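Enquirer: The structure's right below; bear with me while I get my questions together.
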Amino acid sequence: KSHGLEVRLYLPNSWKSAEGRRPHIVQKWTKADEGNLAMALIMITEPAGASLDDLKSMAQTGEIWDLLAGNVGTFLEKGPTKIVNMGRFPALYVSGLVQTEQLNHTIYTEIHQILIPVRGQLVSLQISYLSQSPETTRQLALKYQSQRQLIASGLYIP
23 KSHGLEVRLY LPNSWKSAEG RRPHIVQKWT KADEGNLAMA LIMITEPAGA
73 SLDDLKSMAQ TGEIWDLLAG NVGTFLEKGP TKIVNMGRFP ALYVSGLVQT
123 EQLNHTIYTE IHQILIPVRG QLVSLQISYL SQSPETTRQL ALKYQSQRQL
173 IASGLYIP
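The working numbering puts the sequence shown at residues 23 to 180.
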C-alpha cells in the first residue's frame, strides 16, 4: 500500500490504530468522543504529475476541491489553501467542511489535509472530525486543534 515509501506518524496513545481498508489508505487512527469521531489517515497514491507546482495550480484553479470531493462528499465550506513545510518536504494544506449522505444519515466532516509530493507519489495526511451536525463538528475540531497540530508535526518521511 505504501508504494515503497516509508512513512511514520506519531499519535497520542488515546487514538486507536487500524489497518486502512482501501488500497490507497496505508493506516488509520480513530478517537471516539461522545458519539462523534476524530480520525487520522495516511494515504499514498501515484497520481500523474504529483508535484508541488501541480498542487499549487490545482489550488489556484479550484481543481483541488474536485479531487478531494470525489472521495468524501460535497464541500459546504472551503478554507484557504496554503503551502506549508513538512520537514524537508513542502506541501499543500487544505481544509473544509464536507456533507456526506450515508445510509439515510447526514454526516458532517471537517477535513484538514496535507498533500505532500514525495518522489513522484502523493502522501496525504488527513485529520478529520465527524458528527451529525455542522456545529458539533466545528466544536470537535476546535477541541482537538492542539492534537491536530501535534499529529501533523509527528509525520516523518525519511
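Cβ atoms here follow ideal geometry from the backbone N, Cα and C, with glycine treated the same way. Quick caveat, the model's predicted, so the values are computed rather than measured.
(1) Using three-state DSSP, classify I110 as helix, strand or coil.
(2) Taking Q154 as part of the alpha helix (DSSP H), name the residues at either end of that continuous run.
(3) Just how far apart, CA to CA, sit F97 and W37?
(4) For K23, which residues in the same chain have their Cβ closer than 6 angstroms to its Cβ, ignoring the five residues on either side in sequence?
(5) Let me confirm a value: Q167 is counted as buried when at least 16 other C-beta atoms fall within 10 Å, else exposed. Which label applies?
(6) For R141, does the count of other Cβ atoms within 10 angstroms reach 16, so buried, or fall short, so exposed?
(7) Answer yes if the region 128-145 comes into contact with the region 96-116, meaning at least three C-beta pairs across the two stretches below 8 angstroms, and no otherwise.
Expert: The short version:
(1) Checking the sequence, you will find Arg at residue 110 rather than Ile. DSSP places R110 outside both helix and strand once states are collapsed to three, so it counts as coil.
(2) That residue, Q154, is in no alpha helix (DSSP H); it is neither H nor E in DSSP.
(3) Those two C-alpha atoms are separated by around 26 angstroms.
(4) Residue placement at K23 cannot be trusted, given a pLDDT of 46 that sits under 50; what the coordinates show is reported in the next sentence. Only V48 meet the Cβ criterion.
(5) exposed
(6) exposed
(7) yes
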